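Let me begin by presenting the structure, written as C-alpha cells, before commenting on it.
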Amino acid sequence: MARRSSATPIRCAIPWLLSLCLALLVPVRASAGTVSAYTFFQGTQYPLTVIQIQGEQPGPTVMVQGGIQGDEICGSVTAQLLAGCRVLKGNLIVVPRANLPSIHLARRQINVDMNRRFDRDYNRFYEDRVARVIRHLLAGCDGFVHLHEGSGFYSPRPVDGLRGPNRYGQSIIVDSENHAGVDLGQLVRGVLAELNPGIEPERYRLELFNTQTFDPQTRYPEMRKSLTYYALSVLHIPAMAVEVSKNIRDLGWKVRTQMTATRIILARLGVEVALPEFDDGDVQAVADTAARVRVNG
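Start counting at 1 in the sequence shown, then tack on 2, and there's your number in our numbering.
And the structure:
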C-alpha cells in the first residue's frame, strides 16, 4: 500500500518547514531507532508537538494522530502511549494532541471543528494554522491513521438507540472502499479479521464503516472537510479513522483496543512496531495530565 519507495525518509512537505524541523528537533528517550520531537507554535496556547521515529529498517512513513477533537480523550492517550513504541521497520510520525486547547477543556472545538478545516486553506483561527502544519506533515507520508472516540456503536442497520448507521463508535471509518487504486475495503477487512477475534464481549467488536464520501448522495457530506478525506482525495494515500465508543466506560480497555488496531493497520501499511508496555495506571496518568492543565492556567 506504500505510495513511495520504502527508502523514503521522514520529511516535511516544503523546504522551509523541513529545515525548521531538522534544525530544532529535540531528542527524546526511546527503546530503539532515531526519535525526535518538535513543538510548533511554542509560547502559544495551542502548541503542536510532533514525534518522529525512524525505524531500525527502512520502509514507508505513516502518521498517527489523536486529539483533534478534545472530547475524545482516548485517541489522544493512545497516540501519546504509542509514541513510546519501538519501530522495527519503516517510520512513524505521531501527533498525540492535535488540538490542545480543546483537549484541556474537554470540548469538541474552541472556535471551529478542526476536523472540518481540510477542504481548503483557511486562515482565520488558530485551528487553521494547526491544520496547515498537519497538512504539510501528512504530505511526506505514505499512510494515515486518525484516532477518534465516537458515540454509541456503529452498525450498517438500525438496531436500537445506541447502535445504528448514525453512530460512530467501534468502527474503522473509510471515505471509500476503493479510490485511486487505494483498496481500503480489503485492507480494513483484513485488519478486522485479525483484530475482532480477540475482542470480548462480542458486541464490542469493530465494524467497517464506509461513509462513501465521494458519492454525491452520501449521508455524510461533512466528511468531505475531514483530514482522512483530504489524505485520500488529495494525497492519494490510505487513510482511515479508528473509532472506539464513548459508551464504553473502561478507558484502559479502549486504549488497548485502539492501540492493537493501530498496530495491525501499521503492519499492513508496511510499518512494523513493538508496542510499549503499559497498564491502566499509565493510561490514567496520561489522561490526567490533560485534565490538570487549563487554558490560561
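Glycine included, each C-beta is placed from N, C-alpha and C at the ideal position.
Since this is a predicted model, take the numbers as computed values, not measurements.
For Leu26, three-class secondary structure by DSSP: For this step, residue 26 is matched to residue 24 along the sequence shown. Only weak support is given to the placement of Leu26: the predicted model assigns it a pLDDT of 42, under 50, and the value that follows is read from those uncertain coordinates. In the structure shown, Leu26 sits in a helix (DSSP, three-state: H, G or I).
Alpha-carbon spacing of Tyr170 relative to Cys87, whole angstroms: Translated into positions along the sequence shown, residue 170 becomes position 168. Translated into positions along the sequence shown, residue 87 becomes position 85. For Tyr170 and Cys87, the distance between alpha carbons rounds to 27 Å.
Cβ-Cβ distance between Met65 and Leu139 below 9 Å: Taking the sequence shown and counting its residues from 1, the one referred to as residue 65 is at position 63. Taking the sequence shown and counting its residues from 1, the one referred to as residue 139 is at position 137. Met65 is a Cβ neighbour of Leu139, given a cutoff of 9 Å.
Integer-rounded CB distance, given that Thr80 should sit under 8 Å from Val257: Taking the first residue of the sequence shown as position 1, residue 257 is located at position 255. Taking the first residue of the sequence shown as position 1, residue 80 is located at position 78. Here Val257 really is in contact with Thr80; their C-beta atoms are around 5 Å apart, less than 8 Å.
Thr46 to Leu102 span [Cα, whole Å]: Position 44 of the sequence shown, counted from the start, is the residue given in the question as residue 46. Position 100 of the sequence shown, counted from the start, is the residue given in the question as residue 102. Straight-line Cα distance between these residues: approximately 11 Å.
Beta-carbon gap between Gly35 and Gly61 smaller than 9 Å: Indexing the sequence shown from 1 puts residue 35 at position 33. Indexing the sequence shown from 1 puts residue 61 at position 59. Remark: C-beta atoms of Gly35 and Gly61 do not approach each other more closely than 9 Å.
Where Pro160 falls, given that 16 or more other Cβ within 10 Å makes a residue buried: As a position in the sequence shown, residue 160 is number 158, starting the count at 1. Flag for Pro160 reads exposed.
Strand pairing of Ser173, partner residues [DSSP]: Here the question's residue 173 lines up with position 171 in the sequence shown. Residue pairing by DSSP places Ser173 opposite Glu209, Glu245 in a beta bridge.
Three-state secondary structure (DSSP) of Ser153: The residue you call residue 153 lines up with position 151 of the sequence shown. Note: Ser153 maps to coil in three-state DSSP.
Residue nearest to Gly57 in terms of C-alpha spacing, selected from Asp282, Asp284, Val275: Taking the first residue of the sequence shown as position 1, residue 57 is located at position 55. When only C-alpha atoms are compared, the closest one is Val275.
Beta-carbon spacing of Leu145, Pro240 below 9 Å: Stepping through the sequence shown from its first residue, residue 145 is reached at position 143. Stepping through the sequence shown from its first residue, residue 240 is reached at position 238. Strictly speaking, residue 145 in this sequence is Gly, with Leu absent from that position. The Cβ atoms of Gly145 and Pro240 sit closer than 9 Å to each other.
Ser157 beta carbon less than 9 Å from that of Lys248: Here residue 248 refers to the residue found at position 246 of the sequence shown. Here residue 157 refers to the residue found at position 155 of the sequence shown. Not a contact, by the Cβ cut-off of 9 Å.
Boundaries of the alpha helix (DSSP H) in which Met1 is found, first to last residue: What is shown of the chain runs 3 to 299, which leaves residue 1 out entirely.
Distance CB(Ile70)-CB(Ala292) smaller than 9 Å: Within the sequence shown, numbered from 1, the residue matching residue 70 stands at position 68. Within the sequence shown, numbered from 1, the residue matching residue 292 stands at position 290. No, these two residues do not count as a Cβ contact at 9 Å.
Residues sharing a beta bridge with Val147, DSSP: Within the sequence shown, numbered from 1, the residue matching residue 147 stands at position 145. DSSP lists Val66, Met242 as partners of Val147.
Pro278 to Met261 span [Cα, whole Å]: By one-based count along the sequence shown, residue 278 stands at place 276. By one-based count along the sequence shown, residue 261 stands at place 259. When only Cα atoms are considered, Pro278 and Met261 end up about 10 Å apart.
Pro278 - DSSP class collapsed to helix/strand/coil: Numbered from 1 along the sequence shown, position 276 holds the residue referred to as residue 278. Coil.
Nearest-angstrom Cβ-Cβ length linking Arg118 and Lys227, presumed shorter than 8 Å: Here residue 118 refers to the residue found at position 116 of the sequence shown. Here residue 227 refers to the residue found at position 225 of the sequence shown. Their Cβ separation, rounded to whole angstroms, is 4 Å, which keeps Arg118 and Lys227 in contact under 8 Å.
Proximity of Tyr48 and Tyr128 at Cβ, strictly below 9 Å: The residue you call residue 48 lines up with position 46 of the sequence shown. The residue you call residue 128 lines up with position 126 of the sequence shown. Yes, the pair counts as a contact, with Cβ atoms nearer than the cut-off.
Nearest-angstrom Cα separation, counted from Gly283 out to Thr230: For the purposes of this step, residue 230 is taken as residue 228 along the sequence shown, with counting starting at 1. For the purposes of this step, residue 283 is taken as residue 281 along the sequence shown, with counting starting at 1. Thr230 and Gly283: Cα-Cα distance of roughly 31 Å.
Buried or exposed (CB count within 10 angstroms, at least 16 for buried), Val236: On the sequence shown, residue 236 is found 234 positions in, with the first residue counted as 1. Around the C-beta of Val236, fewer than 16 other C-beta atoms lie within 10 Å, and the residue is accordingly described as exposed.
Neighbourhood of Ile250 by C-beta distance below 6 Å, restricted to the same chain and skipping five residues each side: Your numbering for residue 250 matches position 248 in the sequence shown. Contacts found: Lys256.
Spatial neighbours of Val288 in its chain, beta-carbon cut-off 7 Å, leaving aside the 5 residues before and after: Start at 1 with the first residue of the sequence shown, and residue 288 comes out as number 286. Same-chain partners within the cutoff: Val79, Gln82, Leu83.
Beta-carbon proximity list for Arg165, same chain, < 8 Å, skipping 5 on both sides: Counting from 1 along the sequence shown, the entry for residue 165 is found at position 163. So the list reads Gly154, Phe155, Tyr156, Ser157, once near-sequence residues are dropped.
Coarse secondary structure for Gln59, derived from DSSP in three states: As a working mapping, residue 59 is identified with position 57 in the sequence shown. Residue state for Gln59 is assigned as strand, using DSSP reduced to three classes.
Host alpha helix (DSSP H) of Gly187 (start-end): What you label residue 187 is simply residue 185 of the sequence shown in a count that begins at 1. Gly187 -> alpha helix (DSSP H) spans 186-197.
Close-in-space but distant-in-sequence residues of the same chain around Arg191 (CB under 7 Å, 5 per side omitted): One-based indexing of the sequence shown puts residue 191 at position 189. Only Leu210 meet the Cβ criterion.
Nearest neighbour of Leu271, chosen from Thr63, His148, Leu107 [CA to CA]: Locating residue 271 in the sequence shown gives position 269, counting from the first residue. The residue with the shortest Cα to Cα distance from Leu271 is Thr63.
Simplified DSSP assignment, three categories, for Arg122: Reading the sequence shown from its first residue, position 120 is the one you call residue 122. Note: Arg122 maps to coil in three-state DSSP.
Beta-carbon proximity check, His106 vs Gly77, cutoff 9 Å: Taking the sequence shown and counting its residues from 1, one reaches residue 106 at position 104. Taking the sequence shown and counting its residues from 1, one reaches residue 77 at position 75. His106 is not a Cβ neighbour of Gly77, given a cutoff of 9 Å.
N- and C-terminal bounds of the alpha helix (DSSP H) containing Gly314: Residue coverage of the chain in this structure runs from 3 to 299, which leaves residue 314 outside it and unanswerable.
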